[in-house]
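Its first residue numbered 0, the sequence shown is counted upward by one per residue in numbering that gives the first Met the number 0.
Where is the CB? At the ideal position from N, CA and C, for every residue including glycine.
Remember, it's a predicted structure, so these values are computed and weren't measured experimentally.
Each remark here refers to the structure printed beneath this line.
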Amino acid sequence: MPRFLTKEQRIFILKQWWMSGRTLHIVNSAFKHEFPDDKIPARQTIYRLAKKFDETGSVEDAPRSGRPTSINTEENIELVSESFLLSPKTSQRRAVRDIHISRSSLQRIMKDLNLKPYKPRLLQYLNEDDPDQRLEFCEWILDSTEKDPTLLDQILWTDEAIFKINGR
0 MPRFLTKEQR
10 IFILKQWWMS
20 GRTLHIVNSA
30 FKHEFPDDKI
40 PARQTIYRLA
50 KKFDETGSVE
60 DAPRSGRPTS
70 INTEENIELV
80 SESFLLSPKT
90 SQRRAVRDIH
100 ISRSSLQRIM
110 KDLNLKPYKP
120 RLLQYLNEDD
130 PDQRLEFCEW
140 ILDSTEKDPT
150 LLDQILWTDE
160 AIFKINGR
(Lines of atoms letter the chains of each structure in order from A and count residues from 1; the text may use other names and numbers.)
(Lines give C-alpha, C1' and ligand atoms only; values in the text may rest on other atoms or scores of the structure.)
Protein backbone atom coordinates (compact mmCIF):
# COMPACT_ATOMS: atom_id res chain seq x y z
CA MET A 1 0.00 0.00 0.00
CA PRO A 2 1.59 3.31 -0.96
CA ARG A 3 2.14 5.85 1.79
CA PHE A 4 1.25 8.93 -0.24
CA LEU A 5 -2.54 8.56 -0.03
CA THR A 6 -4.24 10.31 2.86
CA LYS A 7 -7.20 8.82 4.69
CA GLU A 8 -9.51 11.26 2.88
CA GLN A 9 -8.11 10.23 -0.50
CA ARG A 10 -8.48 6.52 0.29
CA ILE A 11 -12.13 6.96 1.27
CA PHE A 12 -12.77 9.02 -1.88
CA ILE A 13 -11.20 6.32 -4.08
CA LEU A 14 -13.32 3.57 -2.51
CA LYS A 15 -16.53 5.58 -2.88
CA GLN A 16 -15.76 6.24 -6.55
CA TRP A 17 -14.79 2.59 -7.02
CA TRP A 18 -18.20 1.34 -5.85
CA MET A 19 -20.28 4.14 -7.42
CA SER A 20 -18.64 3.62 -10.83
CA GLY A 21 -19.17 -0.12 -10.77
CA ARG A 22 -15.43 -0.74 -10.32
CA THR A 23 -14.36 1.25 -13.38
CA LEU A 24 -10.75 2.37 -13.12
CA HIS A 25 -11.00 5.14 -15.72
CA ILE A 26 -13.86 6.86 -13.86
CA VAL A 27 -12.05 6.56 -10.51
CA ASN A 28 -8.89 8.12 -11.94
CA SER A 29 -10.68 11.02 -13.62
CA ALA A 30 -12.73 11.74 -10.47
CA PHE A 31 -9.54 11.61 -8.37
CA LYS A 32 -7.77 14.00 -10.74
CA HIS A 33 -10.75 16.38 -10.58
CA GLU A 34 -10.99 16.22 -6.77
CA PHE A 35 -7.22 16.30 -6.03
CA PRO A 36 -5.60 18.11 -9.00
CA ASP A 37 -2.20 18.59 -7.32
CA ASP A 38 -1.75 14.96 -6.27
CA LYS A 39 -0.43 12.01 -8.22
CA ILE A 40 -3.08 9.65 -9.58
CA PRO A 41 -2.93 6.25 -7.85
CA ALA A 42 -1.87 3.27 -9.89
CA ARG A 43 -4.28 0.51 -10.89
CA GLN A 44 -2.66 -1.92 -8.47
CA THR A 45 -2.99 0.61 -5.63
CA ILE A 46 -6.74 0.88 -6.14
CA TYR A 47 -7.13 -2.92 -6.34
CA ARG A 48 -5.11 -3.41 -3.15
CA LEU A 49 -7.05 -0.68 -1.34
CA ALA A 50 -10.39 -2.28 -2.27
CA LYS A 51 -9.13 -5.74 -1.27
CA LYS A 52 -7.79 -4.46 2.03
CA PHE A 53 -11.10 -2.75 2.82
CA ASP A 54 -13.05 -5.93 1.97
CA GLU A 55 -10.80 -7.99 4.27
CA THR A 56 -10.33 -5.59 7.21
CA GLY A 57 -13.16 -3.07 6.90
CA SER A 58 -10.68 -0.20 7.28
CA VAL A 59 -8.61 2.06 5.05
CA GLU A 60 -5.95 2.58 7.73
CA ASP A 61 -2.51 0.99 7.42
CA ALA A 62 -1.73 -2.02 9.59
CA PRO A 63 0.44 -1.32 12.63
CA ARG A 64 4.14 -1.37 11.84
CA SER A 65 6.42 -4.04 13.19
CA GLY A 66 9.82 -3.28 14.62
CA ARG A 67 11.16 -1.20 17.40
CA PRO A 68 9.09 1.92 18.09
CA THR A 69 10.79 5.27 18.39
CA SER A 70 10.92 6.10 22.05
CA ILE A 71 13.05 9.25 22.04
CA ASN A 72 10.59 11.52 20.21
CA THR A 73 8.17 11.61 23.12
CA GLU A 74 6.22 14.73 24.01
CA GLU A 75 8.30 15.00 27.19
CA ASN A 76 11.63 15.03 25.33
CA ILE A 77 10.35 17.43 22.69
CA GLU A 78 9.18 19.75 25.45
CA LEU A 79 12.54 19.47 27.26
CA VAL A 80 14.48 20.38 24.12
CA SER A 81 12.12 23.23 23.29
CA GLU A 82 12.29 24.70 26.82
CA SER A 83 16.05 24.25 26.98
CA PHE A 84 16.63 26.29 23.82
CA LEU A 85 13.94 28.85 24.66
CA LEU A 86 15.60 29.57 28.01
CA SER A 87 19.10 29.78 26.59
CA PRO A 88 19.20 29.87 22.77
CA LYS A 89 23.00 30.12 22.75
CA THR A 90 23.39 26.66 24.28
CA SER A 91 25.53 24.36 22.16
CA GLN A 92 24.24 20.95 21.13
CA ARG A 93 26.93 19.20 23.16
CA ARG A 94 25.96 21.05 26.32
CA ALA A 95 22.26 20.40 25.68
CA VAL A 96 22.97 16.67 25.24
CA ARG A 97 24.67 16.63 28.65
CA ASP A 98 21.86 18.59 30.28
CA ILE A 99 18.90 16.72 28.77
CA HIS A 100 20.53 13.24 28.77
CA ILE A 101 19.60 12.17 25.23
CA SER A 102 21.85 11.21 22.34
CA ARG A 103 23.19 13.88 20.02
CA SER A 104 21.49 12.42 16.94
CA SER A 105 18.15 12.37 18.76
CA LEU A 106 18.66 15.99 19.82
CA GLN A 107 19.45 16.95 16.22
CA ARG A 108 16.32 15.14 14.99
CA ILE A 109 14.10 16.87 17.56
CA MET A 110 15.70 20.25 16.78
CA LYS A 111 15.02 19.70 13.08
CA ASP A 112 11.36 18.89 13.83
CA LEU A 113 11.11 22.07 15.94
CA ASN A 114 12.86 24.15 13.22
CA LEU A 115 15.67 25.07 15.62
CA LYS A 116 19.17 25.74 14.33
CA PRO A 117 22.32 24.78 16.25
CA TYR A 118 24.19 27.65 17.86
CA LYS A 119 27.82 28.09 16.92
CA PRO A 120 29.68 31.00 18.49
CA ARG A 121 31.31 33.29 15.96
CA LEU A 122 34.31 35.21 17.17
CA LEU A 123 34.29 38.74 15.83
CA GLN A 124 36.82 41.51 16.28
CA TYR A 125 35.12 44.48 17.88
CA LEU A 126 36.61 47.90 18.47
CA ASN A 127 36.95 48.65 22.15
CA GLU A 128 36.81 52.15 23.59
CA ASP A 129 40.58 52.46 23.89
CA ASP A 130 41.40 50.92 20.46
CA PRO A 131 41.40 54.24 18.52
CA ASP A 132 43.84 55.71 21.07
CA GLN A 133 46.14 52.68 20.79
CA ARG A 134 46.03 52.86 17.00
CA LEU A 135 46.92 56.54 17.03
CA GLU A 136 49.76 55.86 19.47
CA PHE A 137 51.10 53.05 17.23
CA CYS A 138 50.91 55.26 14.12
CA GLU A 139 52.85 58.02 15.86
CA TRP A 140 55.43 55.48 17.07
CA ILE A 141 55.90 53.92 13.60
CA LEU A 142 56.29 57.37 12.00
CA ASP A 143 58.93 58.36 14.57
CA SER A 144 60.71 55.01 14.21
CA THR A 145 60.84 55.19 10.40
CA GLU A 146 62.34 58.68 10.61
CA LYS A 147 65.09 57.32 12.85
CA ASP A 148 65.58 54.07 10.87
CA PRO A 149 64.37 54.24 7.22
CA THR A 150 64.89 50.45 6.73
CA LEU A 151 62.46 49.52 9.54
CA LEU A 152 59.50 48.89 7.21
CA ASP A 153 61.65 46.57 5.06
CA GLN A 154 62.35 44.43 8.13
CA ILE A 155 58.64 43.79 8.84
CA LEU A 156 56.97 40.70 7.40
CA TRP A 157 53.64 41.89 5.94
CA THR A 158 50.84 39.30 5.61
CA ASP A 159 47.08 39.16 5.11
CA GLU A 160 44.73 39.21 8.07
CA ALA A 161 44.16 35.85 9.74
CA ILE A 162 41.84 34.74 12.51
CA PHE A 163 43.08 31.93 14.71
CA LYS A 164 40.60 29.87 16.70
CA ILE A 165 41.28 27.99 19.87
CA ASN A 166 40.44 24.61 18.32
CA GLY A 167 43.09 25.09 15.60
CA ARG A 168 40.76 25.31 12.61
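If we call anything under 8 Å between Cβ atoms a contact, is residue i one with residue j?
| i | j | result |
| --- | --- | --- |
| PRO119 | GLN91 | no |
| ILE108 | ILE76 | yes |
| TRP16 | ILE45 | yes |
| THR157 | LEU150 | no |
| SER82 | ILE98 | yes |
| PHE3 | LYS38 | yes |
| ALA94 | LEU84 | no |
| LEU23 | ARG47 | no |
Could you tell me how far apart the beta carbons of residue i and residue j are, in whole angstroms, since I believe they sit closer than 8 Å?
| i | j | result |
| --- | --- | --- |
| PRO40 | ILE12 | 7 Å |
Within the continuous alpha helix (DSSP H) that includes residue i, where are the two ends?
| i | result |
| --- | --- |
| PHE83 | 73 to 85 |
| PHE136 | 129 to 146 |
Nearest by alpha-carbon distance to residue i: which of the options is it?
| i | options | result |
| --- | --- | --- |
| VAL79 | VAL58, PHE52, GLU59 and SER101 | SER101 |
| ASP152 | SER104, ALA160 and ILE140 | ILE140 |
| ARG9 | THR22, GLN123, VAL58 and GLU54 | VAL58 |
| PRO71 | ALA61, THR55, ASP111 and GLU159 | Residue identity differs from the one stated: residue 71 is Asn in this sequence, not Pro. Here the closest residue by C-alpha is ASP111. |
| PHE30 | LYS14, ASP60 and THR68 | LYS14 |
| ASN165 | LEU121, GLU54 and LEU114 | LEU121 |
| THR5 | SER19, ASP60, VAL26 and GLU159 | ASP60 |
Using a Cβ-based criterion (distance less than 7 Å to any ligand heavy atom), does residue i qualify as near the ligand NAP?
| i | result |
| --- | --- |
| LYS146 | Absence of the ligand NAP from the depicted structure is noted, as is the absence of any ligand whatsoever, leaving it without description. |
- Task: Return the chain-ordered ranges of every alpha helix (DSSP H) run that is complete within the region 87 to 124 and spans a minimum of 4 residues.
- Result: 91 to 98 and 102 to 111
- 4-residue-minimum alpha helix (DSSP H) runs that sit fully inside the region 18 to 59, ordered along the chain: 23 to 33 and 42 to 55
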